[in-house]
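K.L.:
Following this message is one structure expressed as structure tokens.
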Amino acid sequence: MNIAQVSRDDLKLPRRNRSPRRVQDYVTITLFLLPAFILFLVFLVYPIFRSVYYSTFNWNGLGPAVNFVGLDNFKQILSDNIFMTAVGNCLLIVLFSLTLQLPLSLALAIMVGRDLPGRAFFRAIFFMPYVLSEVITAIIWLGLFNPDPERGLINAILVLIPGVQAQGFLGDTKVVLLCVFVVLTWKYFGLHMLLYLAGLQNIPREIEEAALIDGANQWQMIRHITIPLLGSTIRTTIYLSVLGSLTQFNLIWIMTKGGPVNASESMATYMYRFGFIRFWLGYGSAVALVMLLICLVFSIGYLRLVRQPDYLGGI
Amino acid sequence: MAAVNLRRSDAFKKNLPRFFQYLVLIIVVLVVLVPIVVLIFGALKTRGEMYSRPYTIPIPPHWENFRAILGQSTFWTMLRNSLIVMLASTAGVLVICSLAAFVFARMQFKGKDLAFNFLTLGLMFPITVAIMPEYLVIRQMHLTNTLLAVILIQTAFGLSGNILILRGFFLSIPVELQDAASIDGCSAFDFFWRILLPLARPALSAVAALTMIVSWNDLLTPLVFIDRETLWTLPLGTMQFQGQYGTDLNMVAAFVTLSALPTVIFYLFAERQIVAGLTAGALKG
Amino acid sequence: MLRKLLVLVSLVLIASFVLTACAAPAPTAAPATQAPAPATQAPAKPVVPVLVPTNTSLPPVKIVWWHISTADAHKALFQQFADQYTAIHPNVTIEITVLENEAFKSKLTTVMQGGQPPDIFQSWGGGVMNEYAKAGLLRDITPELDANSGAWRNTFAAGALGVYGYKGKNYGVPWDMGMIGWWYNKALFTKAGIANPPATWTELLADVTALKKAGITPIALGEGDKWPGMHMWAYLVTRLGGEANFEGALLRTGSFTDKPFIDAGKMLNDLIALHPFQAGFLGATYGDEATAMGNGKAAMELMGQWAPSVEQANSTDKKGIGANLGFFPFPAVEGGAGAISDAIGGGNGFAVGKNAPDAAVDFVKFMTSAANQAALAKIGVAIPVVKGGEVGLTDPLMILVQKNFAAGKYFQLYYDQALPPAMGSVINDATQGIFAGKLTPEQACQAIEDSAKQNLK
Chain A
1 MNIAQVSRDD
11 LKLPRRNRSP
21 RRVQDYVTIT
31 LFLLPAFILF
41 LVFLVYPIFR
51 SVYYSTFNWN
61 GLGPAVNFVG
71 LDNFKQILSD
81 NIFMTAVGNC
91 LLIVLFSLTL
101 QLPLSLALAI
111 MVGRDLPGRA
121 FFRAIFFMPY
131 VLSEVITAII
141 WLGLFNPDPE
151 RGLINAILVL
161 IPGVQAQGFL
171 GDTKVVLLCV
181 FVVLTWKYFG
191 LHMLLYLAGL
201 QNIPREIEEA
211 ALIDGANQWQ
221 MIRHITIPLL
231 GSTIRTTIYL
241 SVLGSLTQFN
251 LIWIMTKGGP
261 VNASESMATY
271 MYRFGFIRFW
281 LGYGSAVALV
291 MLLICLVFSI
301 GYLRLVRQPD
311 YLGGI
Chain B
1 MAAVNLRRSD
11 AFKKNLPRFF
21 QYLVLIIVVL
31 VVLVPIVVLI
41 FGALKTRGEM
51 YSRPYTIPIP
61 PHWENFRAIL
71 GQSTFWTMLR
81 NSLIVMLAST
91 AGVLVICSLA
101 AFVFARMQFK
111 GKDLAFNFLT
121 LGLMFPITVA
131 IMPEYLVIRQ
141 MHLTNTLLAV
151 ILIQTAFGLS
161 GNILILRGFF
171 LSIPVELQDA
181 ASIDGCSAFD
191 FFWRILLPLA
201 RPALSAVAAL
211 TMIVSWNDLL
221 TPLVFIDRET
231 LWTLPLGTMQ
241 FQGQYGTDLN
251 MVAAFVTLSA
261 LPTVIFYLFA
271 ERQIVAGLTA
281 GALKG
Chain C
1 MLRKLLVLVS
11 LVLIASFVLT
21 ACAAPAPTAA
31 PATQAPAPAT
41 QAPAKPVVPV
51 LVPTNTSLPP
61 VKIVWWHIST
71 ADAHKALFQQ
81 FADQYTAIHP
91 NVTIEITVLE
101 NEAFKSKLTT
111 VMQGGQPPDI
121 FQSWGGGVMN
131 EYAKAGLLRD
141 ITPELDANSG
151 AWRNTFAAGA
161 LGVYGYKGKN
171 YGVPWDMGMI
181 GWWYNKALFT
191 KAGIANPPAT
201 WTELLADVTA
211 LKKAGITPIA
221 LGEGDKWPGM
231 HMWAYLVTRL
241 GGEANFEGAL
251 LRTGSFTDKP
261 FIDAGKMLND
271 LIALHPFQAG
281 FLGATYGDEA
291 TAMGNGKAAM
301 ELMGQWAPSV
311 EQANSTDKKG
321 IGANLGFFPF
331 PAVEGGAGAI
341 SDAIGGGNGF
351 AVGKNAPDAA
361 VDFVKFMTSA
371 ANQAALAKIG
381 VAIPVVKGGE
391 VGLTDPLMIL
401 VQKNFAAGKY
411 FQLYYDQALP
421 PAMGSVINDA
431 TQGIFAGKLT
441 PEQACQAIED
451 SAKQNLK
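Protein chains in written order, with the numbering used here: chain A, 1 to 315; chain B, 1 to 285; chain C, 1 to 457.
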């Protein structure tokens, strides 16, 4: 049932004695919040604290941490070229996502739109990659990018074009990051598109029809009405996309392990390689904290920046 | 509401872009489906075929891959375990998050904002980092080698995002409703239980759907905390086809296809709910 | 509308974060330099024997054993060992967990960090095992080895056993050891007009040129995995500098920037300049390399003793190149201080955890008997390291490898295993840099030396 249709009589509320509301409320609040907070403290806060603790040590993870180095790990992170490459790569992915992936999702959402026959079919198909695990996605695309035209579908198609040679893709330091980005787009564009679709649903038809009556063509409508009214959705997808790009691990690790020669390194693969594989857990914890800080700074800054009244809210 | 009359040239103008739209959409559908189809093809090949010619149509299709997997009791055990974990974490997330979200959306107390911001911290701490301290915690609680450990961790990591979602949704339910309820003497809990939750069904479905997908695909947590094969979940099952130096990619593909089927089927049914959940906050007037 | 924003924010956040955060590094076909196992089907359930009460009933003992032999035949054989042992010792329960290579490494790391090692587990010896030993996580089994005037110890090939020792004490024993060499396609060599495999490095370069002229890919290399190419550089170092050179750098009397290390890089560049590898080799995996060889698409690969079986498994017809497959040891380098019989290799072994009961050590002893070693050799998953075990070897290629291995005086465990894991990772990255043309030999060696200063104390 629709909220607007609920009337008081439908609720059939019991009559109760009015006990002091304040106390009842505080009891409710505590009880309601307790499970979440307990789980949270035990399984999230505690590990963060442990990480902070370990990040001040030079520690290989075995036995007690004894080699206290204070902030040395952090100093080393900030002066490491490879880490800077990783940060740069993450920022590049953010840039690609904001300029390519999100607009693509938006365009698709507008195309599928509200009236297109068969839109449920398209919606379902486009969301499918999201349902698959990142592991499977990476394995599938590893196969597709294979440099041997007999084994990699993309190269097989490419060599059909006269004059075009098989590409190294994941082995070519110049394009590997782009290839990773293609896979990320394949996986996540469906989600963004779905969100835009939902946002589109909320644009009142009256506005669109009014614009049509006023003689606006498709492009004008998109530019001046659709996109501005999708503002909050767009801001959301940007938030999501940036944070996701900054913490991307699984897909990159399985496809390239950050290589070749760090060309596709992300902050998370850097952390995993240095922290776990090199048995250098103190350093790895420090990297994790740096990542956390970067995400926090972005998050707080961004949310503050976009705390504006929405057009639709004002209607 | 004014009707917009289309003249014939307008109709043509409308159809050409429409044709173009469909063209683009079909291309995207192909790009989306081709990798998935390749996966399914791989599931029907022998190992050598998979390595040498991974994307050609399997002729003849080797259904025995599927048969072999479905014939092992371990597959069904893993399926069962995945189901248990998935249902339990989803239930946990739904209950705990709706309780907490309700408080943040509908009740006032000192330090509410601080508490809420604190809870969103969980969004930025990847589990790859947290796994070692998690292991220590689980060990201290003597929960190693149990499905409960996996459930607890999945639930804990699902808290922040879902509380955010549900809070947003609860906020969109009119205050008048709650005021009316309290005037009638309804306690906060009654309001929550009898009124809010039923109305929030779409959002709860969306949360449930997404939590289920994540839980189903989770590999790291079961890998680290479960030794006994009888407790393995599906993602761990792909390991049995991988060796030190060789991988039965065709079997992996077959296994993955089979284990993804429940999620896909579920998604196809739940898709409406998810979209409804996203748009149900639409309040007109 | 703000509410809707929050709904969307939450939906999106939960999706991306939970998905990126909760999914995890997965097992793939990208292992470090280890021994073989063509993989197949389902894990068998461990058999729990019924405890037979006897007059002399011993207290029940449980052994926890983790191994990575997922291949059907191999897994079954290991299970058989366990069943045989528990039949003889009814009070013992052996709980086996079979994991895939990468998954095993992740999981083992985590439990080691938690301080709770399994009783018996797969080990490649060298640097990683040494870290565990240093941290007191392994059981010193030297007493059991030396008992009865070294009865158990003497059954092993000395070089192989040494891989599982640290500072004079043993913490594990090998059950398989082999070496890396060049596997080549005889038919393709003939096609290029090469009569005999090269005996010197110069000849190898000449052969590469001849193969290229004949339109054949000379060398298959999966440098995306980094370690395949690392072995090339390591062998050049070994041929140029011999044992003394590496020992010096290891013990810090020398340095990883000494001449043989750098010269090896330069010679490697000579090879790379000939463009001998398949297209896209920088992103290729070892699996790709094996496939290329197995399908006859490349003339040679530098790989360990598992190469033939993986080539077969990855080939289209599952037969590989059959009788056309040959083996030759890494060529000599003119003027080098190393001998052509020096070998780089590695294998598999059992490490013993610190809390392991005596029964666990006894079970390991049982598994490394000559008879059981021969059984492993028979199913083609191991080159035995115990005297008498080699009777199980039937494959002529494996026999050839074993002979080469036995002839050597200097046996070097793969660099990325012999050295501490941090260094191993650096060596892999540095050599990949040489292959990619991004690092000069001097830069690569300096990176390794820097890492040595930090890690070798």
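By construction, the Cβ of each residue, glycine as well, lies at the ideal position given by its N, Cα and C atoms. Just so we're clear, the structure is a prediction, and the values are computed from it rather than from any experiment.
For Ser-451 (chain C), which three-state DSSP category applies?
P.N.:
helix
K.L.:
What's the call for Gly-215 (chain A), buried or exposed, on a 16-neighbour Cβ count within 10 Å?
P.N.:
exposed
K.L.:
What residue ranges within the stretch 81-131 of chain C form continuous alpha helix (DSSP H) runs of no fewer than 4 residues, ordered along the chain?
P.N.:
Here the runs fully enclosed are 101-113.
K.L.:
Are the Cβ atoms of Ala-460 (chain C) and Leu-211 (chain C) separated by less than 7 angstroms?
P.N.:
Outside the shown range of chain C, which is 1 to 457, sits residue 460 (chain C), and nothing can be said about it.
K.L.:
Does the distance from the CB of Ser-264 (chain A) to the CB of Val-176 (chain A) come in under 7 angstroms?
P.N.:
yes
K.L.:
For Asp-218 (chain B), is the classification buried or exposed, using 16 other Cβ atoms within 10 angstroms of its Cβ as the cut-off for buried?
P.N.:
buried
K.L.:
Of the residues that make up the stretch 312-335 of chain C, which ones have a beta carbon closer than 7 angstroms to any beta carbon in chain B?
P.N.:
Taking 7 angstroms as the Cβ-Cβ cut-off against chain B, the residues of the stretch 312-335 of chain C that qualify are Ala-313, Asn-314, Ser-315, Thr-316, Asp-317, Lys-318.
K.L.:
Val-306 (chain A) to Thr-226 (chain A), Cα distance in whole Å?
P.N.:
19 angstroms
K.L.:
Inspect the beta-carbon positions of Ile-165 (chain B) and Val-207 (chain B) and report whether they are closer than 7 angstroms.
P.N.:
In contact: Ile-165 (chain B) and Val-207 (chain B) (Cβ atoms closer than 7 angstroms).
K.L.:
Between the alpha carbons of Val-28 (chain B) and Leu-95 (chain A), how many angstroms are there, rounded?
P.N.:
So the alpha carbons of these two residues sit roughly 22 angstroms apart.
K.L.:
What residues from the stretch 351-373 of chain C come within 8 angstroms of chain E, judged by C-beta to C-beta, listed N to C?
P.N.:
Looking at the structure shown, chain E is missing, and the protein chains on hand are A, B and C.
K.L.:
Looking at C-alpha atoms only, which residue of A:Leu-296, A:Asp-172, A:Leu-108 is the closest neighbour of Leu-195 (chain A)?
P.N.:
A:Leu-108
K.L.:
Fully enclosed by the stretch 315-380 of chain C, which beta strand (DSSP E) runs are 3 residues long or longer?
P.N.:
325-328, 343-352
K.L.:
Could you give the C-beta distance for Ile-77 (chain A) and Phe-83 (chain A), rounded to a whole number, given that I count them as a contact under 8 angstroms?
P.N.:
5 angstroms
K.L.:
With DSSP as the reference, identify every bridge partner of Asn-170 (chain C), one or two as the case may be.
P.N.:
C:Gly-165
K.L.:
Does the beta-carbon distance from Ala-264 (chain C) to Leu-302 (chain C) come in below 7 angstroms?
P.N.:
Ala-264 (chain C) places its beta carbon 7 angstroms or farther from that of Leu-302 (chain C).
K.L.:
Please name the residues in the stretch 260-281 of chain A whose beta-carbon is closer than 9 angstroms to at least one beta-carbon of chain C, in chain order.
P.N.:
Pro-260, Val-261, Asn-262, Ala-263, Ala-268, Tyr-272, Arg-273, Phe-274, Phe-276, Ile-277, Arg-278, Phe-279, Trp-280, Leu-281
K.L.:
Let's test the definition: count the other Cβ atoms within 10 Å of the Cβ of Leu-268 (chain B) and tell me whether it reaches 16, buried, or not, exposed.
P.N.:
exposed
K.L.:
What's the gap between the Cα of Asp-119 (chain C) and the Cα of Gln-417 (chain C)?
P.N.:
Distance between Asp-119 (chain C) and Gln-417 (chain C), taken at the CA atoms: about 22 angstroms.
K.L.:
Report, in whole angstroms, the separation of the C-beta atoms of Leu-147 (chain B) and Asn-81 (chain B), which I expect to be a contact under 8 angstroms.
P.N.:
6 angstroms
K.L.:
Give me the Cβ distance between Ala-160 (chain C) and Gly-280 (chain C), rounded to the nearest whole Å; I'm assuming they're in contact under 8 angstroms.
P.N.:
The pair is not a contact, with the Cβ atoms about 36 angstroms apart (cut-off 8 angstroms).
K.L.:
Residues of chain A with CB closer than 9 angstroms to the CB of Glu-301 (chain C), please, in chain order.
P.N.:
Within chain A, no residue has its CB atom less than 9 angstroms from the CB of Glu-301 (chain C), the nearest being about 15 angstroms off.
K.L.:
Under three-state DSSP, which class holds His-67 (chain C)?
P.N.:
strand
K.L.:
Of the residues that make up the stretch 39-59 of chain B, which ones have a beta carbon closer than 7 angstroms to any beta carbon in chain A?
P.N.:
Leu-39, Ser-52, Arg-53, Pro-54, Tyr-55
K.L.:
Does any CB atom of chain B fall closer than 7 angstroms to the CB of Lys-75 (chain C)?
P.N.:
no
K.L.:
So what does DSSP say about Glu-301 (chain C), is it helix, strand or coil?
P.N.:
strand
K.L.:
Is the beta carbon of Phe-170 (chain B) less than 7 angstroms from the beta carbon of Ala-101 (chain B)?
P.N.:
Contact: yes.
K.L.:
Hey, would you say Gly-349 (chain C) sits closer than 7 angstroms to Ser-123 (chain C), going by beta carbons?
P.N.:
Yes; because the gap between Cβ atoms is below 7 angstroms, this pair is in contact.
K.L.:
Take the Cβ of Val-385 (chain C) as the centre, count every other Cβ of all protein chains shown within 10 Å, and call the residue buried at 16 or more, exposed below.
P.N.:
buried
K.L.:
With a CB to CB cut of under 8 angstroms and the five nearest residues on each side skipped, what residues in its chain are close to Leu-13 (chain C)?
P.N.:
Any reading at Leu-13 (chain C) must be qualified, since the residue scores a pLDDT of 37, below 50, and its modelled position is unreliable; the value itself is stated next. Result list for Leu-13 (chain C): empty, nothing under 8 angstroms.
K.L.:
Give the single residue among A:Ile-222, A:Asp-148, A:Gln-165 whose Cα lies nearest to the Cα of Tyr-55 (chain B).
P.N.:
Nearest in C-alpha terms to Tyr-55 (chain B), of all of A:Ile-222, A:Asp-148, A:Gln-165, is A:Asp-148.
K.L.:
How many Å lie between Asn-250 (chain A) and Phe-191 (chain B) at the Cα?
P.N.:
42 angstroms
K.L.:
Taking Met-129 (chain C) and Ala-351 (chain C) to be in contact with their CB atoms under 8 angstroms, please state how far apart those CB atoms are, rounded to whole angstroms.
P.N.:
That pair is a contact at about 6 angstroms.
K.L.:
List, in chain order, every chain C residue whose beta-carbon is nearer than 8 angstroms to that of Leu-223 (chain B).
P.N.:
Ala-24, Ala-103, Ser-106, Lys-107
K.L.:
Going by DSSP in three states, Thr-56 (chain A) sits in which element: helix, strand or coil?
P.N.:
Under the three-state reduction of DSSP, Thr-56 (chain A) is assigned to coil, being neither helix nor strand.
K.L.:
Pick out whichever of C:Val-163, C:Ala-332, C:Val-173, C:Ile-141 has its Cα sitting closest to the Cα of Glu-203 (chain C).
P.N.:
C:Ala-332
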